[in-house]
Amino acid sequence: MNIDFTFENPTRIHFGRTAMTHLADELALYGPNVMLVYGKNSIKQTGLYDKVMATLNACGKRVCELAGINSNPRYSQLLDGCRLVKECNVDLILAVGGGSVIDCSKAIACSAWCDDDPWEHYWVKNLPVPTKVVPVGTILTMTGTASEMNSGSVITNETLKIKAGHQFPMSVACPRFSILNPEFTFSVPKNQMVSGIFDIFSHLMEQYFGGDDDCVSDYLLEGDMLALISASRKALANPHDYEARSNIMWAATMGLNKILAVSKVQDWEVHQIEHQVGAYCDCPHGIGLAIVSIPYYKFIMSYGLHRFVRYAKNVWRVDATDKSDEQIATEGIDCLSRFIDELGIPRRLSEVGCTEEMLPLIAESVNKIGGYHTPTTAEVLELLSSCL
Ligand code: NZQ
Ligand code: ZN
0 MNIDFTFENP TRIHFGRTAM THLADELALY GPNVMLVYGK NSIKQTGLYD
50 KVMATLNACG KRVCELAGIN SNPRYSQLLD GCRLVKECNV DLILAVGGGS
100 VIDCSKAIAC SAWCDDDPWE HYWVKNLPVP TKVVPVGTIL TMTGTASEMN
150 SGSVITNETL KIKAGHQFPM SVACPRFSIL NPEFTFSVPK NQMVSGIFDI
200 FSHLMEQYFG GDDDCVSDYL LEGDMLALIS ASRKALANPH DYEARSNIMW
250 AATMGLNKIL AVSKVQDWEV HQIEHQVGAY CDCPHGIGLA IVSIPYYKFI
300 MSYGLHRFVR YAKNVWRVDA TDKSDEQIAT EGIDCLSRFI DELGIPRRLS
350 EVGCTEEMLP LIAESVNKIG GYHTPTTAEV LELLSSCL
């Protein structure tokens with residue numbers, strides 16, 4: 000553990016089949032005005048909306064609603080939410096949905112009482128959060144992002160065509176509580192389920208591929224990857240397998256609640272590339288990640304060979320006998336590629352609406368950071384072209 004750190008995560012988690020029974024006690028901690036934030040229509044179709052409203056009513060809350068949050072939430076929706084918070088003098092934002100609903104809610108919470116334009120304030124200038132921030136609670140319906148237990152918020156500025164994450168301070172923007180019932184994810188369509196699974200896997204790899212010290216976080220990351228591979232195969236065979244869905248849910252939350260990132264040099268370039276693919280094509284986040292991951296990891300493998308060898312051996316159980324490091328590392332990436340096929344995820348950017356004309360614009364606008372190597376615009380363009 001060579002890098003010093005301070006770790007804090009204030010989110011209280013209620014996990015399991017009975018998790019919803021804690022909602023009333025949580026609501027009692029806040030004032031009467033609740034803003035309910037949700038997506039297009041899934042929570043009405045599953046009946047969760049009625050259950051949540053019944054509890055809110057029983058607790059005597061006055062409810063205003065911000066409905067219709069897009070997958071890949073838009074900046075205009077953040078601004079709509081800020082207006083509503085002020086109009087209704089909101090005491091608590093209750094986000095019911097996946098990462099998009101929760102990310103948008105956290106951004107609203109930190110922006111509503113901020114006098115500046117939030118995009119300029121946070122995403123461009125990275126300025127501090129004002130003293131007045133609205134608390135957020137969440138009921139998770141789609142697993143993957145870990146937004147339920149972190150302070151990140153990824154917003155798409157549709158005018159600028161930039162999709163970008165902002166890390167608010169953990170103490171301020173992490174949800175105060177999150178209700179995680181794996182049964183709520185049974186209704187997630189298969190393409191979203193596999194998108195979430197790959198998103199989790201990608202978070203783990205982004206944190207793993209960086210640094211070369213002996214660090215407990217890397218062992219924990221390997222363990223979470225192993226648990227996720229096992230549970231995903233079971234959930235693919237039977238989406239209503241509670242044990243599998245609960246393991247996926249917790250692997251996701253653990254995967255990006257920042258505990259596995261302590262003392263780690265990290266990468267996050269796959270996410271940077273996907274964000275701009277998403278800004279142009281509006282694809283499900285995890286699908287975009289899967290498409291660019293294989294060319295990206297083949298490209299950076301030589302810069303962090305020792306770590307790719309370890310990944311192949313410890314995560315994919317590649318037999319190293321009589322093989323060179325390059326062969327072992329390549330086999331590890333091949334295993335990842337086969338896993339993407341098992342999940343049934345498309346392999347080409349053209350399958351998610353990306354065109355050749357978009358590629359230079361995407362490559363230019365990608366934020367270049369990287370762990371073992373910082374790519375150039377030309378390298379990103381080559382990588383994107385290879386998976387068009
Ligand atoms: O809109 P509704 O009708 O609710 O449908 C949603 C949406 O279409 C549907 N869904 C959710 N729960 C469901 C369900 N359908 C049936 N049954 C249920 N129980 O699933 C679709 C996708 O939902 P969304 O919230 O967009 O997915 P996800 O959780 O993958 O969130 C993606 C967003 O999170 C950002 C991504 O970039 C993207 O914008 N991320 C946030 C991160 C963070 N806060 O730390 C990190 C991630 O790397 C990621 O970038
Ligand atoms: Zn992600």
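No gaps in the numbering here: position 21 of the sequence shown is 20 in numbering that gives the first Met the number 0, and each next residue is one more. For glycine and all other residues, C-beta sits at the position ideal for the given N, C-alpha and C.
Work out the CA separation of residue j and residue i for me, nearest whole Å.
| i | j | result |
| --- | --- | --- |
| T54 | C282 | 34 angstroms |
| W267 | D217 | 15 angstroms |
| T376 | S364 | 9 angstroms |
| M148 | P238 | 24 angstroms |
| A311 | E205 | 15 angstroms |
| G209 | A57 | 50 angstroms |
| L380 | H202 | 23 angstroms |
| G222 | A106 | 32 angstroms |
| K129 | S336 | It should be noted that the sequence gives Pro, not Lys, for residue 129. Spanning the two alpha carbons is a distance of roughly 44 angstroms. |
| W118 | K322 | 50 angstroms |
| L348 | N256 | 29 angstroms |
| I42 | D49 | 9 angstroms |
| S146 | F176 | 12 angstroms |
| F183 | S245 | 10 angstroms |
| A23 | F307 | 47 angstroms |
| L387 | C353 | 7 angstroms |
| I68 | P188 | 18 angstroms |
| L47 | Y29 | 21 angstroms |
| K233 | D115 | 48 angstroms |
Would you call the CB atoms of residue i and residue j closer than 7 angstroms?
| i | j | result |
| --- | --- | --- |
| T144 | G98 | yes |
| V84 | V132 | no |
| P181 | M253 | no |
| T137 | A94 | yes |
| L77 | V33 | no |
| A111 | C81 | yes |
| I196 | S231 | yes |
| H372 | I299 | yes |
| A18 | I178 | yes |
| V193 | I293 | no |
| G96 | G15 | no |
| I361 | V291 | no |
With hydrogens ignored, establish whether the beta-carbon of residue i is closer than 6 angstroms to any heavy atom of ligand 2.
| i | result |
| --- | --- |
| D114 | no |
So, with DSSP's three-state summary, where would you put residue i?
| i | result |
| --- | --- |
| Q166 | strand |
| S152 | strand |
| R316 | coil |
| N190 | helix |
| I327 | helix |
| M34 | strand |
| R61 | strand |
| F14 | strand |
| L255 | coil |
| T20 | helix |
| I391 | For residue 391 there is no data in the structure shown, the boundaries of the chain being 0 and 387. |
| G98 | helix |
| D177 | For the record, residue 177 in the displayed sequence is Ser; it is not Asp. Looking at S177 - three-state DSSP - the assignment turns out to be strand. |
| V133 | coil |
| I368 | coil |
| R309 | helix |
| R92 | Looking at the sequence itself, residue 92 is Ile, so the reference to Arg does not match. Three-state result, I92: strand. |
| L28 | coil |
| L139 | strand |
| R73 | strand |
| I199 | helix |
| I68 | coil |
Give the C-beta separation of residue i and residue j to the nearest angstrom, bearing in mind that I take them to be a contact with Cβ-Cβ under 8 angstroms.
| i | j | result |
| --- | --- | --- |
| C103 | P72 | 4 angstroms |
| L304 | D318 | In fact, because the Cβ distance is near 18 angstroms, the residues do not count as touching under 8 angstroms. |
| A289 | I339 | 5 angstroms |
| L227 | A243 | Contact doesn't hold; Cβ gap of about 10 angstroms is too wide. |
| K160 | A278 | 5 angstroms |
| P359 | K367 | Not a contact, Cβ separation roughly 15 angstroms. |
| P31 | M169 | The pair is not a contact, with the Cβ atoms about 28 angstroms apart (cut-off 8 angstroms). |
| V264 | G370 | 6 angstroms |
| Y295 | I272 | 7 angstroms |
| C109 | A172 | 6 angstroms |
| Y121 | H165 | 5 angstroms |
Would the beta-carbon of residue i be found less than 6 angstroms away from any heavy atom of ligand 1?
| i | result |
| --- | --- |
| G151 | yes |
| N366 | no |
| Q191 | yes |
| V187 | yes |
| S70 | yes |
| G143 | yes |
| G80 | no |
| S323 | no |
| H239 | no |
| H284 | yes |
For ligand 3, is there any heavy atom lying closer than 6 angstroms to the beta carbon of residue i?
| i | result |
| --- | --- |
| D198 | The model depicted lacks ligand 3 and carries ligand 1 and ligand 2 instead. |
Answer with yes or no whether the minimum CB distance from residue i to chain B is below 7 angstroms.
| i | result |
| --- | --- |
| Y207 | The structure shown contains no chain B; it is built from a single protein chain. |
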